[in-house]
Amino acid sequence: MSISKAATRGLALALVGSLALTACGSGDDSGDGDGNVTLNFTWWGGDERAERYEEAIDLFEQENPGITVQTSFAEFQDYWTQRSTDATSGELPDVMQMDLSRLLEYANAGLLYDMNEFTGNQLDVSTIDEALLASGEVNEQLVALPTGTNTLALFYNPDLLAEIGVEIPDWDYTWEEYQEFMIEVTEAGASHEPRVYGAGDYTMTWWFFLQHLVQQGIEPFSENGEMNFTEDDMREWIESAAPLREPEDVTFPASRAEQLLPKNGFTSGEAAVEFHWDNFLHSYSHDLNSENVQLMPMPSGPDGEKHMFFKPTMQLAMGGNSAHPEEAAQLIDFLVNSPEAGAIIGTDLGVPASQTRLDALEVEEGSLDQRIMEYEQRVRDEGHATAQVPAHPEGFGAVETEYVEVLAQEFGYRQIDADQFVERWFSEAANLLVTS
Amino acid sequence: MTVTHEASPVRRAGGPARRPQTKRPSRRAAETRAGYAFLAPWLLGFIALTAGPMIASAYLAFTDYHPIRGGEWIGTENFTRLFDDPRFLDSVQVTVTYAIVGTPIKLAAALGVAMLLNNRKRGKGTYRSLFYAPSLIGASVSIAIVWKAMFNDQGIIDDIGDYFGTWSGGWVGDPGRTMPMMILLAVWQFGAPMVIFLAGLKQIPNELYEAAQVDGAGPVRRFTKITLPMLSPVLFFNLVLETINSFQVFASAFIISGGRGGPANSTLFYTLYLYQRGFGQGQLGYAAAMAWLLVIVVGIITLIFFRTSRYWVHYSGEGR
Chain F
1 MSISKAATRG LALALVGSLA LTACGSGDDS GDGDGNVTLN FTWWGGDERA
51 ERYEEAIDLF EQENPGITVQ TSFAEFQDYW TQRSTDATSG ELPDVMQMDL
101 SRLLEYANAG LLYDMNEFTG NQLDVSTIDE ALLASGEVNE QLVALPTGTN
151 TLALFYNPDL LAEIGVEIPD WDYTWEEYQE FMIEVTEAGA SHEPRVYGAG
201 DYTMTWWFFL QHLVQQGIEP FSENGEMNFT EDDMREWIES AAPLREPEDV
251 TFPASRAEQL LPKNGFTSGE AAVEFHWDNF LHSYSHDLNS ENVQLMPMPS
301 GPDGEKHMFF KPTMQLAMGG NSAHPEEAAQ LIDFLVNSPE AGAIIGTDLG
351 VPASQTRLDA LEVEEGSLDQ RIMEYEQRVR DEGHATAQVP AHPEGFGAVE
401 TEYVEVLAQE FGYRQIDADQ FVERWFSEAA NLLVTS
Chain Y
1001 MTVTHEASPV RRAGGPARRP QTKRPSRRAA ETRAGYAFLA PWLLGFIALT
1051 AGPMIASAYL AFTDYHPIRG GEWIGTENFT RLFDDPRFLD SVQVTVTYAI
1101 VGTPIKLAAA LGVAMLLNNR KRGKGTYRSL FYAPSLIGAS VSIAIVWKAM
1151 FNDQGIIDDI GDYFGTWSGG WVGDPGRTMP MMILLAVWQF GAPMVIFLAG
1201 LKQIPNELYE AAQVDGAGPV RRFTKITLPM LSPVLFFNLV LETINSFQVF
1251 ASAFIISGGR GGPANSTLFY TLYLYQRGFG QGQLGYAAAM AWLLVIVVGI
1301 ITLIFFRTSR YWVHYSGEGR
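Protein chains in written order, with the working numbering: chain F, 1 to 436; chain Y, 1001 to 1320.
Here you go:
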């Protein structure tokens, strides 16, 4: 019996011990009682962005000795998988990057902290343009602050184009001229080592489809989540690039793109151009290992206008479950407004939304920051930005993923045609979009 | 056994209650308590981490539950939707191909190596450990990354292929070659069935082989007439285990395809698609329906194995 007794005691001890350990695990965010507060801060992005954030956080911690910030980051798709798990268990980070495509989903479920109670105190929002600020307001609550603005751009690699001897079109180019350019590059790049293509199939990117709709005078979504485009609109868009696939396929091959992951054709120096949001200049330049990456606007629509729009690049939001909302607001204010953080972050999160940070931003001549700011300025000055940001209904992020991750890949491998693409997207969208 | 006997009512009725007798039940109760205490960690784990979630998932399978929006009861709609979903059918095809092709190859490799190692040569312990090593590291994340690098364009496999003029271009980006790549990764981890086969081979009496040799049976005949029948219980065990495992492959496909199941759904294993639906798109109800369908199908397959086993599995104690 003595053995059993000892064993029972040992077992009890082990149980108590493991309970104590679990208790430690969940008790770390409640402060140590000596005024120290730990905040969780998470974002999506690559190494380059992580370095900037870490440096800015170090500075924040120096200025606020009582606050420790624990950081983590992930790639965009994984980031949202992690956040939805956090949301289910009520453990969203104190501060997190937010995207318009997911904002309604989180805000409507009451998962985000209303920052209105901090405005004027910990949080200075007077520095931000009102229309831009409004992008973070849902149900009369201020649930997200914009870090900056961005707009779509065509990235091009002048060195590579010079090597194969093809000239980039002028700013007033049309979609047809863009297609001719792609064909020209792919033909000229055929003998290059490694082989150079124009770019990927641009119709396979969700945002260009939306940009195209806007150019046609179609507002993609209504505020209540109704779609204002039809299956025909999407089919025509995809088939408009048919000359790039037939008779000869000049688009960047899907199989090569798959092998280059996590890079893409452009950042591997195998595609001469690529469309993306302009703030990606930083990571593209970093991945390509070249400072010489240039920007130009989208092709013009049928009326000769571009109808581009400025979007909040990304936002910062607070988890509604945050135990330290005041300190979290302080951190957001620091990242959005402070000139010191601005000097470190530059335009990686878009051209700063906050006037104080924008004014304090000293851009070097010829730097990437300067190139992005100059690009956005020129787009504004020349009147290319005439459209509003398309509405982002609840489920926007999910239908975008279906378009660019799932169907675009099957289409790229030529396993489905435009008809099947459209049919499947619409059948999924019926389950993913939330209309109110 | 003796405890039961001593505590029998016959004995107790024999005389007035004595001290040891009153003590005995409490002693047994203490033992029972100790038993449950020892069971507790497992029992708690089972209830909290297995049974509870399984019941919850069975409920979710009939809802359109979303981690953020919540959900409502929608009956069997998830199950009917499954069969109209092209990616679901892709994932079934990928998984079934993997199980049907991969499992026999893996078992054959395991048996082959086990037979090579089943002799009295020097250093056999070292060889056994070495051949088992891939199974220890094979399931790890780093191996999946190395695997991807090896089979990439200009990776080592591509270089070898180029040298012989057979393959060119990487395997990773070619939907037709990702399945062989995944199967190779699985076959390479033959260690666990190999160890079990080795144990089985040791049980076969040497006299049988000697007698057969005297009768003039060649190596092939000895293998088909002695080794295989004698080993059939072990083979059956390995077959069931490996088949179930192959239906659940996830980590390697997740790493190699970056969680996307690409290229063109060629590594979209069932569990990976389940993960994409449940955690990527937040369609937890749909994912739960997939999970239960998998449980049912694997259960049926296992049942078929057991039902057919009497025709080909020979237990040495049988017929006595």
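No residue lacks a Cβ here, since even glycine has one placed at the ideal position from N, Cα and C. Please read these numbers as outputs of a predicted model, since none were measured by experiment.
For the beta strand (DSSP E) assignment, the region 363 to 433 of chain F encloses no uninterrupted run of at least 3 residues. Per DSSP, reduced to three states, the secondary structure at GLY217/F is coil, with no helix or strand assignment. Within 10 angstroms of the beta-carbon of GLU364/F lie fewer than 16 other beta-carbons, which makes it exposed.
Contacts between PHE1279/Y and chain F, judged by CB atoms closer than 8 Å, involve THR81, SER84 and THR85 in chain order. MET1194/Y carries a helical assignment under DSSP once its states are collapsed to helix, strand and coil. If you draw a 10 Å sphere on the C-beta of ILE1100/Y, you find fewer than 16 other C-beta atoms in it, and that means exposed.
The Cβ atoms of ALA134/F and TYR197/F lie no closer than 9 Å to each other. Interface flag for GLN1203/Y against chain F is unset, since no Cβ pair is found closer than 9 Å.
Beyond the five residues adjoining it in sequence on each side, ALA107/F comes within less than 6 Å, by CB distance, of VAL138 and VAL143 in the same chain, given in chain order. A distance below 9 Å separates the beta carbons of SER1135/Y and PHE1190/Y. Per DSSP, the beta-bridge partners of GLN70/F are ASN40/F.
Below the 7 Å Cβ cutoff, chain F contributes GLN259 as neighbours of ASN1152/Y, in chain order.
The region 226 to 237 of chain F makes no contact with the region 314 to 333 of chain F: fewer than 3 CB pairs, one atom from each, lie closer than 8 Å. Under the rule that a run must span 3 or more residues, the beta strand (DSSP E) segments found entirely inside the region 224 to 308 of chain F read 273 to 277 and 294 to 296. Between ALA353/F and GLY148/F, the gap from beta carbon to beta carbon is short of 9 Å. DSSP places PHE1305/Y outside any beta strand (DSSP E); the residue lies instead in the alpha helix (DSSP H), whose first and last residues are 1284 to 1312. A residue is called buried when at least 16 other Cβ atoms come within 10 angstroms of its Cβ; LYS1202/Y does not meet this threshold and is exposed. Residue pairing from DSSP places VAL138/F in a beta bridge opposite GLN141/F. Within the region 237 to 266 of chain F, the residues whose Cβ lies closer than 9 Å to any Cβ of chain Y are, in chain order, PRO253, ALA254, SER255, ARG256, ALA257, GLU258, GLN259, LEU260, LEU261 and PRO262. Short of 8 Å from the beta carbon of GLY110/F, and not among the five residues preceding or following it, lie these beta carbons of its own chain, in chain order: GLY320. Taking 7 Å as the Cβ-Cβ cut-off, the region 132 to 144 of chain F has no residue approaching chain Y. Chain-ordered listing is empty here: chain F has no CB closer than 7 Å to the CB of GLY1161/Y, the nearest sitting near 15 Å. Taking 9 Å as the CB threshold, VAL406/F lines the interface with chain Y. Here SER283/F is near ASP348/F, since their CB atoms are less than 9 Å apart. For ARG1069/Y, a Cβ of chain F is located within less than 9 Å of the residue's own Cβ. Taking 9 Å as the threshold, the shortest C-beta distance from ASN321/F to chain Y does not fall below it. Pairing LEU1089/Y with ILE372/F, the inter-Cα distance amounts to about 45 Å. For a Cβ distance threshold of 7 Å, residue set GLU405 of chain F lies close to ARG1260/Y, ordered along the chain. For MET318/F, the enclosing beta strand (DSSP E) begins and ends at 315 to 318. In this model, LEU1039/Y and ALA1030/Y are separated by some 14 Å (Cα to Cα). Looking from the CA of SER268/F, the closest CA among HIS384/F, VAL185/F, SER285/F and TYR173/F belongs to SER285/F. Rounded to whole angstroms, the separation of the alpha carbons of MET1054/Y and ASN1265/Y is 28 Å. DSSP, read as helix, strand or coil, puts GLY198/F in coil.
Contact note: ASN1078/Y does not reach chain F at a C-beta cutoff of 9 Å; the least C-beta distance is about 11 Å. When ASP1215/Y, LEU1235/Y and ARG1221/Y are compared, the shortest CA-CA separation from ALA1199/Y is found for LEU1235/Y.
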